[in-house]
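Remarks on the structure that follows.
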Amino acid sequence: MLAPSSLLWLHAIAKDQGFYKERGIEVKELVAAASPSLLQSVSSGSVEAGVAVADLAIRAIDQGAPIVISGAVLGKSILRLVGGKEITSVKQLSGKPVTAGGVKGGTANLLRYLVQRGGGDGQSVQMVSMANSKDRVIALDNGQVFGALLVAPFDTLAQRDGLKVLGDYTEPYLQTPLILNKPWAEKNPKAAIALTQATRKAADWIYDPANKDKAIDILAAYTKTDRSICADSYAFIVEQQKAIGVGLEVSADSLKNLIVIAKAVGAEPDSTAEFDLARYYDGSFLAAK
Numbered sequence: 467m468l469a470p471s472s473l474l475w476l477h478a479i480a481k482d483q484g485f486y487k488e489r490g491i492e493v494k495e496l497v498a499a500a501s502p503s504l505l506q507s508v509s510s511g512s513v514e515a516g517v518a519v520a521d522l523a524i525r526a527i528d529q530g531a532p533i534v535i536s537g538a539v540l541g542k543s544i545l546r547l548v549g550g551k552e553i554t555s556v557k558q559l560s561g562k563p564v565t566a567g568g569v570k571g572g573t574a575n576l577l578r579y580l581v582q583r584g585g586g587d588g589q590s591v592q593m594v595s596m597a598n599s600k601d602r603v604i605a606l607d608n609g610q611v612f613g614a615l616l617v618a619p620f621d622t623l624a625q626r627d628g629l630k631v632l633g634d635y636t637e638p639y640l641q642t643p644l645i646l647n648k649p650w651a652e653k654n655p656k657a658a659i660a661l662t663q664a665t666r667k668a669a670d671w672i673y674d675p676a677n678k679d680k681a682i683d684i685l686a687a688y689t690k691t692d693r694s695i696c697a698d699s700y701a702f703i704v705e706q707q708k709a710i711g712v713g714l715e716v717s718a719d720s721l722k723n724l725i726v727i728a729k730a731v732g733a734e735p736d737s738t739a740e741f742d743l744a745r746y747y748d749g750s751f752l753a754a755k
């Protein structure tokens, strides 16, 4: 997994609430430096599962990597485009250095798309590689970049520093799926099912309004972030965006839109094969009794 953030909120909940334990599994946290190394670890079998970035998973599966998506941790994007100091509109980002994580791929495409949608020149922005949102906030503050895609709670931290949210994407968008190493899942179906369904229980749990305060507490403790900031994260992710995969199910549109966005900005598509949801997603782990 990647460094603690709201991307791993369901994992933090499943751990805190004992959802893994009640299914007889223990999940060990191994932090990857970046998304490509996480995907490589799951593909090679050095780790059994992970919360990945969807566009990298699609590409890897098309290239024959032995991985499969078992559920949607985030079925909509929680990335928000934030402008640097004195940036008040998307158009101002044209031609300027910005960061979305990698310099190409899904998040870079999304940033270009948001600039383009807002009337700016998405092709002219200068992409700067910066793996995590914490570093991106620092880069915005010191003027290294003029725009950045941020995940919660770092979007709120940036706003409290006086920076402005310029846009977000509200359509279905598989940001982070739960992926499994296929040979491991085939040999250990009970564990693969247990992991997937424990994560689904966390998704169901977070949508219950009775659990709101506890969910905020869990994110604050997991990310070591002020509780009031995490409350803003809950408001955006759970109440406004409804970004966490409902029932952990993966919709076809949430994957197709990755391809649509890539084409819209003239980037190499995440997949050139005829779309078939079953190539990427196996719903049997959720359906198992």
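First residue of the sequence shown: 467, per my numbering; consecutive thereafter.
We put the beta carbon where it would ideally sit given N, CA and C, even for glycine.
{"Item": "Residue 534 vs residue 565 beta-carbon contact at 8 Å", "Value": "no"}
{"Item": "The alpha helix (DSSP H) enclosing residue 699, as first and last residue numbers", "Value": "693-700"}
{"Item": "As assigned by DSSP and simplified to three states, the class of residue 653", "Value": "helix"}
{"Item": "Local Cβ density within 10 Å of residue 589, reported as buried at 16 or more and exposed below that", "Value": "exposed"}
{"Item": "Classification of residue 643 by the beta-carbon crowding that lies within 10 angstroms, buried from 16 upward", "Value": "buried"}
{"Item": "Residue 545 vs residue 522 beta-carbon contact at 8 Å", "Value": "no"}
{"Item": "In chain order, each alpha helix (DSSP H) run of at least 4 residues that lies wholly inside the stretch 665-695", "Value": "678-689"}
{"Item": "Beta carbon of residue 576 nearer than 8 Å to that of residue 635", "Value": "yes"}
{"Item": "Whole-number beta carbon distance between residue 580 and residue 547, since they are thought to touch under 8 Å", "Value": "5 Å"}
{"Item": "Buried versus exposed, by CB contacts within 10 Å (16 or more), residue 608", "Value": "exposed"}
{"Item": "Exposed unless 16 or more other CB atoms sit within 10 angstroms - verdict on residue 538", "Value": "buried"}
{"Item": "Residues near residue 587 in its chain [Cβ-Cβ closer than 6 Å; skip 5 each side]", "Value": "560"}
{"Item": "Cβ-Cβ distance between residue 622 and residue 476 below 8 Å", "Value": "no"}
{"Item": "Residue 691, buried or exposed, once every other Cβ within 10 Å from all chains shown has been counted against 16", "Value": "buried"}
{"Item": "Selected residue, minimal CA-CA separation from residue 740, among 755, 750, 731, 722", "Value": "722"}
{"Item": "Beta-carbon proximity check, residue 555 vs residue 632, cutoff 8 Å", "Value": "yes"}
{"Item": "Span separating the alpha-carbon of residue 628 from that of residue 512", "Value": "43 Å"}
{"Item": "Beta-bridge partners of residue 565, as assigned by DSSP", "Value": "614"}
{"Item": "Beta-carbon contacts of residue 572 that lie in its chain and below 7 Å, excluding the five residues immediately before and after", "Value": "519, 520, 521, 724, 736"}
{"Item": "Whole-angstrom distance between residue 536 and residue 717, CA atom to CA atom", "Value": "12 Å"}
{"Item": "Candidates 731, 726, 675, 719, of which the one nearest residue 704 by Cα", "Value": "675"}
{"Item": "Between the CA atoms of residue 685 and residue 578 - distance to the nearest angstrom", "Value": "29 Å"}
{"Item": "N-terminal and C-terminal residue of the alpha helix (DSSP H) that residue 515 is part of", "Value": "No alpha helix (DSSP H) holds residue 515; the beta strand (DSSP E) holding it covers 515-517."}
{"Item": "Beta-carbon spacing of residue 474, residue 709 below 8 Å", "Value": "no"}
{"Item": "Residue 470 burial status per 10 Å Cβ neighbour count (16 or more: buried)", "Value": "buried"}
{"Item": "Range of the contiguous beta strand (DSSP E) that encloses residue 489", "Value": "Segment: none, residue 489 is in no beta strand (DSSP E) and carries neither H nor E."}
{"Item": "Among 720, 715, 649, the one whose alpha carbon lies nearest that of residue 515", "Value": "649"}
{"Item": "Where residue 663 sits in the DSSP three-state scheme", "Value": "helix"}
{"Item": "Min CB distance residue 583 to chain D below 8 Å", "Value": "Absent from the structure is chain D; it holds one protein chain and no more."}
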